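Notes for the one structure printed next.
In this note's numbering, the protein residues as written are 3 to 167.
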């Protein structure tokens with residue numbers, strides 16, 4: 003009887019897997035690759051940002067950012083630019099993620115520029131302007147991230163698949 007139940011469950015799961023649509027499969031794959039590739043690098047960036055906050059000399063902080071943070075940002079941008087979704091639903095999510103990360107990178111670029119200016123002892127108003135622009139880009143990127151996350155969650159419900167965290 004136990005073997006029969008195991009066989010029945012196996013057939014049931016195979017049937018469910020066979021019923022998933024190509025869009026659902028592509029969407030799940032896209033999301034999972036994003037989570038596996040981007041999230042660990044974003045976590046590393048957060049760790050580096052915590053470390054950089056402890057560096058007092060601006061030229062050292064700038065060097066640290068260029069050496070440790072900027073390459074991770076570039077890796078994430080390369081990953082997202084290499085994605086080539088097929089279905090319209092995944093293309094829509096991809097466009098949201100691409101815009102989110104474009105703004106995010108622009109924010110980091112402005113942050114790097116502000117650090118350069120600070121290291122060169124530029125006028126405080128100029129530095130503050132760059133920091134404000136960076137913050138605005140980061141806020142806008144976070145808004146796009148929230149929209150993309152909500153879209154993915156909605157599509158996961160619609161296509162009946164579980165999201166990887």
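We put the CB at the ideal spot given by N, CA and C, even for glycine.
As the structure is a prediction and not an experimental result, all values here were calculated from the model.
In the structure shown, the three-state DSSP call for residue 156 is helix.
For residue 146, the CB contacts under 7 angstroms within the same chain, skipping 5 residues up- and downstream, are 98, 101, 102, 105 in chain order.
Residue 23 sits in coil when the DSSP states are folded into three classes, being neither helix nor strand. Nearest in C-alpha terms to residue 116, of all of 132, 85, 84, is 132.
Here residue 26 is near residue 163, since their CB atoms are less than 8 angstroms apart. In the structure shown, residue 129 adopts helical secondary structure according to DSSP, grouped into three states.
Counting along the chain, the unbroken alpha helix (DSSP H) around residue 72 starts and ends at 72-84. Between residue 139 and residue 64, the C-beta spacing is not below 8 angstroms. One thing to note: residue 157 has its Cβ no nearer than 8 angstroms to the Cβ of residue 74. When rounded, the separation of the alpha-carbon atoms in residue 122 and residue 77 is 28 angstroms. The beta carbon of residue 129 sits closer than 7 angstroms to the beta carbons of 116, 119, 120 from its chain, once the five residues preceding and following it are set aside; these are given in chain order. Straight through space, the alpha carbons of residue 114 and residue 135 are spaced by roughly 12 angstroms. Residue 54 sits in a helix when the DSSP states are folded into three classes. With distances taken between CA atoms, residue 67 lies nearest to 110 out of 150, 88, 110.
A straight line joining the alpha-carbon of residue 47 with that of residue 71 spans about 6 angstroms.
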